[in-house]
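Colleague:
Structure (structure tokens):
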């Protein structure tokens, strides 16, 4: 059991709400001390998965073990060994900072000998030392987020579940929050985190890409970028853009075309021969080409590439 | 059941009640307000009925009769009018409930030993009140008539005939026949129904509405710890309010308290378990504060108000309604309250009511412990 203490093992997990399949036969395993990211658009099934892993939702079928315990059959054993931060801020706004911490310490049955040390640690970690008496509702969102994290880890859980922990938080607070997550992982805590921010996904050790309830790829960010692309990536800046995407979608040798800001990303089998060919193709059709060059793919490219072949549109489709 | 987790829940609940002005108001001001409102405002006694008189004769004897009305505490002769039309107008406009008309040959007829009639016009908008006014009027006139009769016999040299039959009435339990003695003890039940219903009904619903429930159920806290942690503070508040209402009843309204405090305490504990359990069940099912408070009103407050014998005696209700009152816990508690205050009843004489409350407490209490599931739906 000890080797399982900080692991999450998921086998063919399914959750249906009526006719709708929110999570569709998802399987994966996490390793001790890793930051495991669940990346996907809103509505992809990330929160539903995390809620099943925390024992808040009963799986329709499949199996999930958290810290060595089955989430469906021993939910309370699981809950004592995990920390959970829900997507929506859910501490008590009408309680003071210190009162929220003591409340959750009580619920997690934190020993009275270590109680004050743990609360002190959580206050330091959240940057709230000296502000125990502040009403939680008056804190800015970045502090609230770190306080919620503090409340979730008072009992030193070996596994931490964070559901979109940085949504609605300013960029600097987001950065600080990720520093905290890295520090905890370095101490051996397994961190399971969902996000729809592609840049945040880069901070994870491993990523699972989830789309319409299905796990479409799994690997380190680098692996995903190198292996999951069906070809090489080109960046095109051409005028007018709307006509460019129309023309390029049906151009010979173009596997995929998607708009990224004011440019297009094209997937082609090989970049070197494609560049002059496509430039000529565009100019023959009266488009002005400002840029056309090979680039390194981002996770977003990977995501679009992996999901565009499916029946439904990519992340924007939701 | 871990003490730490229960204590954390209870402490949190107390802090939230203390910080919520609305809760504090309901806890402290509402019982006082209800006691004063029902104790002073609701009176089922009819006294000082506004009365207009039309004396067409204006003799010594006709004035004698009208003075009887003035002397009675039941009537208040507001004005003497000069015409029948003025009297009718006064009743139409609601300036009086009763109009007395004395005929122009009133004393002459009496002197001659003949029967004469006094007309009474009664506003019967409220039939109960009208019935009472009618019988009070009849009583005043009958006693006057009896005196005239004796007087007449005496003047003819006949001896007074003995009155064959009288009632020797001894009024028990509410010696002064005041409706406040009947109402005030029962207000305790209404107050407790509101405390149990409204405050408790909101506690779980509020957690769902504010999103704090998701964090709460992700911890190892058990449903029993959640329930007890949430209800124990309200239980204490309920007992405090019972004591507060009893004190107001005894010292402010001077309602006799003839029973034993322990009887009141035992019954209050049972009734509190019932109303807190009901409020909690509603809260678990409702999920929004609005729905919960409305459900609480319908399930606990209204039956306690209408079907408990608080204002309307259950014995006088139509049979189907009376049958329904048997499943209203407040009915038993109201009977106990009246018994403890006015009759000095003991647990032994209130055995059936105590037993009924205990059964309700057991059933609702055990339903409540099973109601809350640590799952998102």
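Protein chains in written order, with my numbering: chain A, 1 to 318; chain B, 319 to 695.
Even glycine gets a Cβ: it sits at the ideal position worked out from N, Cα and C.
Return the first residue and the last residue of the beta strand (DSSP E) that residue 165/A is part of.
Modeller: Element bounds for residue 165/A: n/a, residue is neither H nor E.
Colleague: Might you give, ordered along the chain, the residues of its own chain that have their beta carbon closer than 6 Å to the beta carbon of residue 324/B, omitting 5 neighbours on each side?
Modeller: For residue 324/B, where only same-chain residues beyond five positions count, the Cβ hits under 6 Å are 543, 546, 547.
Colleague: Measuring alpha carbon to alpha carbon, tell me which of 664/B, 388/B, 423/B, 367/B ends up nearest residue 578/B.
Modeller: Nearest C-alpha to residue 578/B: 664/B.
Colleague: Along the region 88-107 of chain A, where does the CB come closer than 8 Å to a CB of chain B? Name the residues.
Modeller: Flagged, chain order: 88, 89, 90, 91, 92, 93, 94, 95, 99, 102, 103, 104, 105, 106, 107.
Colleague: For residue 15/A, does the three-state DSSP call read helix, strand or coil?
Modeller: Reduced to three states, the DSSP call for residue 15/A is strand.
Colleague: Is residue 179/A close to chain B? Criterion is C-beta to C-beta, closer than 8 Å.
Modeller: Not closer than 8 Å to any Cβ of chain B, the Cβ of residue 179/A fails to qualify, so no.
Colleague: Could you tell me whether the Cβ atoms of residue 46/A and residue 55/A are closer together than 8 Å?
Modeller: Their beta carbons are not under 8 Å apart, which means residue 46/A does not touch residue 55/A by this criterion.
Colleague: Rounded to whole angstroms, what is the Cα-Cα separation between residue 129/A and residue 649/B?
Modeller: Roughly 55 Å between the two C-alpha positions.
Colleague: Excluding the 5 residues preceding and the 5 following residue 108/A in the sequence, name in chain order all residues of the same chain whose CB lies nearer than 8 Å to its CB.
Modeller: Cβ within range, chain order: 80, 154, 155.
Colleague: Between the beta-carbon of residue 132/A and the beta-carbon of residue 96/A, is there less than 8 Å?
Modeller: Yes, Cβ-Cβ distance for residue 132/A and residue 96/A is below 8 Å.
Colleague: Return helix, strand or coil for residue 220/A, following the three-state DSSP convention.
Modeller: Note: residue 220/A maps to coil in three-state DSSP.
Colleague: Between the region 520-544 of chain B and chain A, which residues of the former have CB atoms less than 8 Å from a CB of the latter, in chain order?
Modeller: Correct list: 528, 529, 530, 531, 532, 533, 534, 535, 536, 537, 538, 539, 540.
Colleague: In the DSSP assignment, find the unbroken beta strand (DSSP E) run with residue 265/A in it and report its ends.
Modeller: Per DSSP, residue 265/A belongs to the beta strand (DSSP E) from 263-268.
Colleague: What does a CB cutoff of less than 8 Å around residue 125/A pick up in its chain, not counting 5 residues either side in sequence?
Modeller: Taken in chain order, the residues that qualify are 146, 149, 150, 180.
Colleague: Excluding five sequence neighbours on each side, which residues of the same chain lie with their C-beta closer than 7 Å to the C-beta of residue 397/B?
Modeller: Excluding residues within five positions, the ones whose Cβ falls inside 7 Å are 370.
Colleague: Whose Cβ in chain A lies nearer than 9 Å to the Cβ of residue 333/B?
Modeller: 92, 94, 95, 96, 99, 103, listed in chain order.
Colleague: Just the chain A side, please: which residues come within less than 8 Å of residue 693/B by C-beta, in chain order?
Modeller: Those are 56, 57, 58, listed as they occur along chain A.
Colleague: So, are the CB atoms of residue 168/A and residue 24/A less than 8 Å apart?
Modeller: No, Cβ-Cβ distance for residue 168/A and residue 24/A is not below 8 Å.
Colleague: Report the three-state DSSP secondary structure of residue 206/A (helix, strand or coil).
Modeller: In the structure shown, residue 206/A sits in a strand (DSSP, three-state: E or B).
Colleague: Interface residues of chain A around residue 325/B at Cβ under 8 Å?
Modeller: Residues of chain A passing the Cβ test: 106.
Colleague: Name the DSSP beta bridge partners of residue 114/A, please?
Modeller: None, per the DSSP bridge assignment.
Colleague: Can you tell me whether DSSP reads residue 159/A as helix, strand or coil?
Modeller: Here residue 159/A sits in strand by DSSP.
Colleague: For chain B, find out if any of its Cβ atoms is closer than 8 Å to the Cβ of residue 6/A; answer yes or no.
Modeller: For residue 6/A, the answer is no, since every Cβ of chain B falls outside 8 Å of its Cβ.
Colleague: Which runs of the beta strand (DSSP E) fall wholly inside the region 407-449 of chain B and span at least 3 residues, in chain order?
Modeller: Complete beta strand (DSSP E) runs here, min 3: 416-420, 437-440.
Colleague: Inspect the beta-carbon positions of residue 643/B and residue 523/B and report whether they are closer than 8 Å.
Modeller: The answer is no: Cβ separation not under 8 Å.
Colleague: Quick check: is the beta carbon of residue 228/A nearer than 8 Å to any beta carbon in chain B?
Modeller: For residue 228/A, the answer is no, since every Cβ of chain B falls outside 8 Å of its Cβ.
Colleague: Of the choices 271/A, 223/A, 82/A, whose alpha-carbon is the least far from that of residue 161/A?
Modeller: Selected option, being the one with the closest Cα: 82/A.
Colleague: Tell me the DSSP bridge mates of residue 367/B?
Modeller: DSSP output for residue 367/B lists 393/B as bridge partner(s).
Colleague: Closer than 7 Å between beta carbons: that is the criterion. Which residues of the region 39-51 of chain A meet it against chain B?
Modeller: Result list: 51.
Colleague: Mark residue 424/B as exposed unless 16 or more other C-beta atoms lie within 10 angstroms of its C-beta, in which case mark it buried.
Modeller: Flag for residue 424/B reads buried.
Colleague: Among 57/A, 44/A, 244/A, 51/A, which residue has its Cα nearest to the Cα of residue 285/A?
Modeller: For the residues 57/A, 44/A, 244/A, 51/A, the minimum Cα distance to residue 285/A belongs to 244/A.
Colleague: Determine whether the beta carbon atoms of residue 678/B and residue 647/B lie at a separation below 8 Å.
Modeller: Their beta carbons are under 8 Å apart, which means residue 678/B touches residue 647/B by this criterion.
Colleague: State the start and end residues of the unbroken alpha helix (DSSP H) segment that holds residue 502/B.
Modeller: 497-512 is the extent of the alpha helix (DSSP H) around residue 502/B.
Colleague: Any Cβ of chain A within less than 8 Å of the Cβ of residue 494/B?
Modeller: Chain A, which has no Cβ nearer than 8 Å to the Cβ of residue 494/B, makes this no.
Colleague: Which residues does DSSP pair with residue 292/A in a beta bridge?
Modeller: 236/A, per the DSSP bridge assignment.
Colleague: Give me, in chain order, the residues of the same chain whose beta-carbon lies closer than 8 Å to that of residue 270/A; leave out the 5 immediate sequence neighbours on both sides.
Modeller: Here the set comprises 231, 232.
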